[in-house]
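From first to last, the protein sequence lines stand for chains A, B and C. Number 188 in our numbering belongs to position 188 of the first sequence; there are no gaps in the numbering. Heads up: take any position in the second sequence, counting from 1, add 322, and you land on our numbering. Heads up: take any position in the third sequence, counting from 1, add 613, and you land on our numbering. Where a beta carbon is used, it is the ideal one built from N, C-alpha and C, also for glycine. See below for the structure under consideration.
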Amino acid sequence: MVNNNHRVIKKIGFTILVLLIVLFSIFPFIQMLSTSLKFSWDWGNPSLVPTEINTTAYSEILGLGEEVEIEIPASVQKLLDNTPNLTDEQKNAILAKYTDTSDVFPFFDYFKNSLQFSLTASLCSLLIAIFGAYSIARMKYRGQKIIQRGVLFVYMVGGILLLIPLFKISTTLGLTSSEGGTTFALVIIYIVQTLPVCLYMLGNSFRSIPFSIEEAAFIEGYSRFQTIVRIIIPLSFSAIATVWVYSFMIAWNEYLFASVFLKSYTNMYTLPIALKALFVSKNAIWDRVSAASLLTAVPVVILFMLIQKFLAGNKTEGGVKE
Amino acid sequence: MAVRKLTLQEKDSRLGIKLVLPSVIIIALLIIYPIFYNIYLSFFDVKMNGDAFFIGLKNYANVLTDSTFWSSVGITFFFVISTTFLTTVMGLVVALVMNKKFPLRGLVRSLVLLPYVAPVISTVYSWQFFFDPVNGIFMHVLVDVLHISQSRFNLISDPKYALWVAVVFSMWKAFPFTYLMILSRLQTIDTTLYEAAEIDGAGAIRKFWSITLPELFFVLGSIVLLRFIWNFNKFEEVYLLTDNVKVLSVYTYFKAFTGSLDLGQGSALVVIQFSLLVGLILIYVKKVLKW
Amino acid sequence: MKFVKFGICTALLLFSTTFIFASGQNEMVEESKSMDMMEPVTIEYWTSQTQTDRQSTIQLLIDTFEATNPNIKVKLIAVDENDVTSQMATAANSNTLPTLVEGAATTMVSFGADGLVDVDANADVINSIGRDKFFDGALKINESSNGEAYGIPFHGWLQGLWYRTDWFEEAGLEPPTTWENIEKAAKYFYNPSENTYGILVGTKSENFTEQCFTPIAQSNGASLYDKNGNLTFDTPEMKEALEFYGRLAMYNPPGPQTWRARDYYLQGKMAMFFYSTYIMDDLAIQDAAASSLTSENFSDLKGSQFDPELASHTAMVPTITNTESASYGTIVSLSIIDQGDSKKTEAAKKFIEYLYQPNSYITFLHMAPGGMNPVIKGIADTDEFLDNPVLSNYGKEALAEIVAGMQDIKSFGIVDGMKIEKADQVTAQQIIPQMIYKYTQEGLDIDSSMDWAINEINKLN
């Protein structure tokens, strides 16, 4: 009986702990959800439950709502009427562009851009780092120690002072004058920001794999490459997945570099730039900002739910010890 | 035989170099140049149109004689040490909990990642909404519902609490990453170790101290190192949430980037910050990680 | 060896995919360019108007301009005012400067001081529009101490003290035009246990705080510099103004506050607040929000004292009076950036001249009615300018008052018609807001706060 009671108490304690952790993690997101569903007249109400549900923020951002009729201000009409040499055709084209509200906040385009940048950068970084980390962890050559210790120094310079010289190089090389070059430059920059951690973490992980397993593979006639692909990668899968998550997130949430490099390429804007653009509008926008914030975070969480299997585990390597 | 072995080894080390080369080239090109560029600029008074006038060590003197600078060094140390400690402990606790089986574990594991994956700017705003002195639910419950506090106060911005709020926020934002790293290491711990310990009659606490912690030592060491470096240069989180916690990066921002941009001054600050950090890290790497 | 090649190949493959998805879009751009017969000059125009609706108005103006000037292309890029300095520095460093920038006059002055601005081109534009058509103060704010044109005044907003007329009437209080009336009302309406507050004055260390403080200081005859450029900060007038400001800050909502707290006013939790005329637009939105309320869900609205008729219960005091009268406003300017390319400069001149033609000018101003006010004569009282729902709401007289304020705009940077560039630097470094933060929030005493500021100001020179 005592034992049983004890177990129940333990279980309740554990459940409370889990609940506290979850609550601590998500309370600001509950706030976000609440704000996104409130009408603006309800923002002064401290309750997290909206007095009345307002979904216009979501439909506007996702482009689901019916097209909002844009009224043409008198001043605009007058301007067009009084511009000499303006053909009706031109006039109509200009007005059509003005009243077109379909791209107020093209969330899906931003989302696609962010996904492209993040996936490309994180996968490249991972690929380069797997081989690099293996080399650092397992092979011996002159300079190996220096490289091993040197990689982390990348993080000791940050922000805007890295930005100016890097943008300068990119323009000198002519990269920033085309969309392709800009993409290339930005992807490389994201790679360099994530590479050191990837090298470092993967190196640590590879070192924890007993050398005896590799030796056995060599005896069976595996080359280094085959060893990496067939032994090292599967055995370090959870470390690789964690590192990938990290690289992905760096590119996903990066603002400073993207804002400078993509400034003149509106169609390539990533989500953080778009979010910032929403934020700096001084009008009543809290519902839209909150909705956009949630819509930015949620897909990533879903993505993680899907890959959790990999994050969760190396069940195969019961025999691996340090 | 001996000759053949040598060539094999040579071949192997050449291969090693080739494998690491892409990483080295990318890092060298993109990082080494900016570092030297900054060191160079730090001796100049740089105008925005590119004109630069050599002024020797004046940029450094400006900073080192400023008492605000030294107080921000202190604040930075407090911020970095406390956030690193709290983030690691929180990450460890959460990882241990998530390593146990319970219903809806998959969902919980994902929800816990939310602070890490959401953009800083949106989390900052929702924290500010939550703790808003006039409209926030927190003050409403504290003052009007539970009557714990007599009057409403500005938890996030008030200079009395600002540093602590910045610490907790930074911990909140970063612990999921720590938890992920620890969890992935936890899952590789050989379960037979625990089984053997149980046979010896070890309780949960003893198992934690004598098996889990030693097994995690290396990963914890790495996390602490990375977190230390990252938080030392942390700007966005601290600045956006509450702008009067003057850690070094915020000090740099005010000193060199408010109004017009003073690149020379900024570079000097970065070089100082860099030297401080490198010194610390070298000690840490040598003494703690024996790396 | 094989796997090295494999690795390199995969990496290349991944990089090239990024090229492909981007270069496809690129070709389309090229094609549309070749449609025009002549090779056009393209100029970049950076605007601080980041809101999408405002951008589409500017784009409409550009489209119309391009239709009549087929060999000039104007590329509109929105740059947030907080990012503009770093964006300009990066651009200057990499020879990618824009041809035309729109932003606060103080920003233009700092760009000018850094040698980025084509002052001759700016002067040409001012002269061709007609120097005497601009408000004098607006021109002055954009000038260097030697009278070089760092910017061309484009539009401006006035700051005022906005207040609840219905509350004031009910309490029998005078409108908050004088120090005495402001303090009395702030004290009267400050009721923290009911979660209502008397006033909003900026107390965070950011620009808004200086904007609130400036008219208070100037209405007491305090200034940063005299007209010869001598520092006049350490005076009893300045000390009195700071003391008064500190007393007002006690009737603020809790903690350091900035412009964002104006939401409390919109929610009926605050009696007065300093704000620019941009709020006129927001109040109109509030009006629209009110129309989404049906009477039935409004009756049981808890926790919120929302007033659907807020806009009509709001009035503005543009001028603060104590020993003198003072108002505060900001000019937003255009500036031609020195790129060393006369073709671009000429194109920019032509485009700016187009923007100042009455029809295009009014179209521009109407994208933020109330917030954007004319800085050239003969616009404000035209029927065309008043033909706007927000503006006509306030009526000709109220607008005339605002525009009169624009004509006589004051700042620490202008003393007796003399431009004091040093004062702009003090503003740029946010020394006054930091001092106010120390005094009102960190509990530093008044003398130490002022000493701190004097010390910082002296470091600048």
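- For a cut-off of 8 Å, the C-beta gap from ILE459 (chain B) to SER47 (chain A) is around 7 Å, short enough to register as a contact.
- Closest in alpha carbon position to GLU715 (chain C), among C:ALA702, C:ALA705 and C:ALA691, is C:ALA691.
- Contact annotation: in the region 140-151 of chain A, residues whose CB is within less than 9 Å of a CB in chain B are LYS140, TYR141, ARG142, GLY143, GLN144, ILE147, GLN148, ARG149, GLY150 and VAL151.
- For ASP367 (chain B), DSSP records a beta bridge to B:PHE375.
- Identification of chain A residues near PRO344 (chain B) by a Cβ-Cβ cut-off of 8 Å yields ILE128, PHE131 and GLY132, ordered along the chain.
- Straight through space, the alpha carbons of MET985 (chain C) and ASN1001 (chain C) are spaced by roughly 13 Å.
- Under a criterion of Cβ atoms nearer than 8 Å, the residues of chain B adjacent to THR35 (chain A) are, in order, SER448 and PHE451.
- Secondary structure at ILE511 (chain B): coil, using DSSP grouped into helix, strand and coil.
- Taking a beta-carbon distance threshold of 8 Å, LYS369 (chain B) counts as an interface residue toward chain C.
- Counted as a single uninterrupted DSSP element, the beta strand (DSSP E) harbouring SER948 (chain C) occupies residues 941-949.
- A straight line joining the alpha-carbon of MET721 (chain C) with that of ASN735 (chain C) spans about 11 Å.
- In the displayed model, ARG528 (chain B) falls within a helix according to three-state DSSP.
- The count of Cβ pairs closer than 8 Å, one atom from the region 126-142 of chain A and one from the region 699-712 of chain C, stays below three, leaving the stretches out of contact.
- In the structure shown, ILE765 (chain C) falls within a strand segment according to DSSP collapsed to helix, strand and coil.
- Note on geometry: alpha-carbon atoms of LEU535 (chain B) and VAL416 (chain B) lie some 14 Å from one another.
- Residue environment: TRP659 (chain C) is assigned as buried (16 or more neighbouring CB atoms within 10 Å of its CB, all protein chains considered).
- About 5 Å separates the Cβ atoms of ILE950 (chain C) and LEU710 (chain C), confirming a contact at the 8 Å cut-off.
- For the region 799-821 of chain C, the residues whose beta carbon sits under 8 Å from a beta carbon of chain B are, in order, PRO805, SER806, ASN808, TYR810, LYS817, SER818 and GLU819.
- In its chain, beyond the 5 residues on either side, ALA578 have a beta carbon closer than 6 Å to the beta carbon of ASP584 (chain B).
- Contact check for MET893 (chain C) and VAL1003 (chain C): beta-carbon distance about 6 Å, within the 8 Å limit, so the pair qualifies.
- Proximity of the region 658-677 of chain C to the region 136-148 of chain A falls short of the contact definition, fewer than three beta-carbon pairs being nearer than 8 Å.
- GLU1034 (chain C) and CYS124 (chain A) have their C-alpha atoms spaced approximately 51 Å apart.
- Counting C-beta atoms within 10 angstroms of its own C-beta, GLU756 (chain C) has 16 or more neighbours from the protein chains shown and is therefore classed as buried.
- Taking a Cβ-Cβ cut-off of 7 Å, the neighbours of ILE690 (chain C) in chain A comprise LYS263 and SER264, given in sequence order.
- Per DSSP, the unbroken alpha helix (DSSP H) holding PHE225 (chain A) starts and ends at 224-227.
- Proximity of ASN555 (chain B) to chain C, defined by a Cβ-Cβ separation below 8 Å, is not satisfied.
- In the three-state reduction of the DSSP assignment, TRP552 (chain B) falls in the helix class, which pools H, G and I.
- Out of C:PHE977, C:ASP839 and C:ASN706, the CA that lies nearest to the CA of MET1031 (chain C) is found in C:ASP839.
- At a cut-off of 8 Å between beta-carbon atoms, ASN360 (chain B) makes no contact with chain C.
- Where GLU254 (chain A) is concerned, there is no enclosing beta strand (DSSP E), because DSSP gives it neither an H nor an E.
- For MET268 (chain A), same chain residues with a beta-carbon under 8 Å away, outside a window of 5 residues either side, are ASN113, GLU179, THR182, THR183 and LEU262 in chain order.
- In the DSSP assignment, TYR658 (chain C) falls within the unbroken beta strand (DSSP E) covering 654-660.
- Using a CB distance cut-off of 8 Å, ASN457 (chain B) counts as an interface residue toward chain A.
- Approximately 6 Å separates the beta-carbon atoms of ILE594 (chain B) and VAL385 (chain B); this is inside 8 Å, confirming the contact.
- When secondary structure is reduced to three states using DSSP, VAL22 (chain A) falls in the helix class.
- The beta-carbon of GLN90 (chain A) is placed less than 8 Å from the nearest beta-carbon of chain C.
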